[in-house]
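Asker:
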Amino acid sequence: MYFLGSTIALIILVGIALVLFFTPLRVRYAILSKWSVFCMWWLRITLNIEFEVIGRENIPNQACVIISNHQSTWETLALQTIFPHQTWVLKQELQWIPVFGWGLSLLKPIIINRGEKLKALKKVIKQGADRLKEGIFVVIFPEGTRQPYGQLGKYQNGGVAIAKKTGCDVTPVYHNAGKVWPKGSFIKYPGTVTLTIGNPINSEGRSASELTKEIRDWTQAQSLIINE
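Take the sequence shown: its letters are residues 3 to 230, numbered as in our numbering.
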């Protein structure tokens with residue numbers, strides 16, 4: 003039921019956005035981001051999956067880099083309903099998925115080839131900085147891939163490198179979505195996801211590795227608090 007409803011909604015919204023292809027990016031984003039709003043509502047209606055947000059007051063007024071752990075598809079939807087206009091780093095294969103990929107392409111994401119690591123990193127830093135200058139938040143999942151519920155992968159420095167290039171803040175995020183929507187599983191479980199937004203971290207005057215360690219340590223601490 004959830005899959006059918008979300009697919010129908012996506013087809014309708016992508017169709018509208020394609021008609022409006024030559025409109026400004028913010029118009030296309032305003033239309034297509036409604037899919038995430040619908041999905042979060044549809045998850046609650048069909049599967050009894052709800053969520054709570056702790057720390058909404060920490061969302062900056064100016065665009066920043068959002069660094070979140072990655073457990074599920076859930077957070078890619080939820081973050082769009084919580085933070086303002088944003089973009090993401092995506093592997094190039096995703097843009098070729100019918101309908102879904104077309105919708106992503108309309109939103110001007112940062113597309114990378116993960117097989118060319120150095121080139122991909124340079125592209126992420128440059129295009130991420132460009133998006134921030136346009137007032138668009140940049141979402142980074144520093145683990146690079148989804149992790150099993152309760153586990154935290156190694157954090158890469160790409161996200162904080164974008165922040166340092168522009169001098170913007172980094173806002174850390176932790177959630178436990180893997181308990182209701184596990185990695186690699188089609189089955190979803192009823193429950194409430196907790197998402198915590200930390201205080202923005204100033205990136206100026208600090209090394210990328212130092213910032214990354216602070217963010218990961220904060221994330222690990224939140225994991226212990228929320229999942230105890």
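Note that CB positions come from ideal geometry on N, CA and C, so glycine has one too.
(1) Valine 195 and phenylalanine 23: beta carbons closer than 9 Å?
(2) Let me know the secondary structure DSSP gives leucine 154 once reduced to three states.
(3) DSSP three-state label for threonine 48, please.
(4) Just tell me which of Ala80, Arg30, Asn60 and Arg58 has its CA closest to the CA of valine 39.
(5) Please classify serine 211 as buried or exposed, where buried requires at least 16 neighbouring CB atoms within 10 angstroms.
(6) So what does DSSP say about isoleucine 138, is it helix, strand or coil?
(7) Go to lysine 166, then tell me how far its alpha helix (DSSP H) extends in each direction, as first and last residue.
(8) Give the DSSP-derived three-state secondary structure of phenylalanine 143 in the structure shown.
(9) Between threonine 214 and valine 162, how many whole angstroms is the CB-CB distance? I'm expecting something under 8 Å.
(10) Whether or not the segment 138-154 and the segment 67-81 are in contact is what I'm after, with contact meaning three or more pairs of Cβ atoms, one per stretch, closer than 8 Å; do they touch?
(11) Measuring CA to CA, which of Ser35, Lys167 and Ile228 is closest to valine 175?
(12) CA-CA distance, glutamine 97 and lysine 125?
(13) Relative to the C-alpha of glutamate 59, which candidate in Ile13, Thr173 and Lys93 has its C-alpha closest?
(14) May I have the straight-line CA-CA distance separating lysine 167 from tyrosine 191, to the nearest angstrom?
(15) Between which two residues does the alpha helix (DSSP H) containing isoleucine 228 stretch?
(16) Suppose the cutoff is 6 Å on Cβ atoms and the five residues either side in sequence are ignored; what does the same chain contact list for arginine 218 look like?
(17) For the ligand PLP, any of its heavy atoms closer than 8 Å to the Cβ of phenylalanine 53?
(18) So, using beta-carbon positions, are leucine 92 and leucine 108 closer together than 9 Å?
(19) Relative to the C-alpha of valine 182, which residue among Tyr31, Gln64 and Gln73 is closest?
(20) With a 10 Å radius around its C-beta and 16 neighbouring C-beta atoms as the bar for buried, classify glutamate 95 as buried or exposed.
(21) If distances are taken between C-alpha atoms only, which option among Ser70, Cys41, Val29 and Asn63 comes closest to serine 225?
(22) Under the rule that 16 or more other beta-carbon atoms within 10 Å means buried, what is tyrosine 222, buried or exposed?
(23) Tell me the residue span of the alpha helix (DSSP H) that contains tyrosine 31.
(24) Report the option in Cys66, Gly193 and Gly207 whose CA atom is closest to the CA atom of arginine 46.
Answerer: This is what the structure gives:
(1) no
(2) coil
(3) helix
(4) Ala80
(5) exposed
(6) coil
(7) 160-168
(8) coil
(9) 5 Å
(10) yes
(11) Ile228
(12) 17 Å
(13) Thr173
(14) 41 Å
(15) 210-228
(16) Tyr157
(17) With respect to the ligand PLP, the structure shown offers nothing to examine, as it has no ligands at all.
(18) no
(19) Gln73
(20) exposed
(21) Ser70
(22) Residue identity check: residue 222 is glutamine in the sequence provided, not tyrosine. Exposed.
(23) 27-34
(24) Gly193
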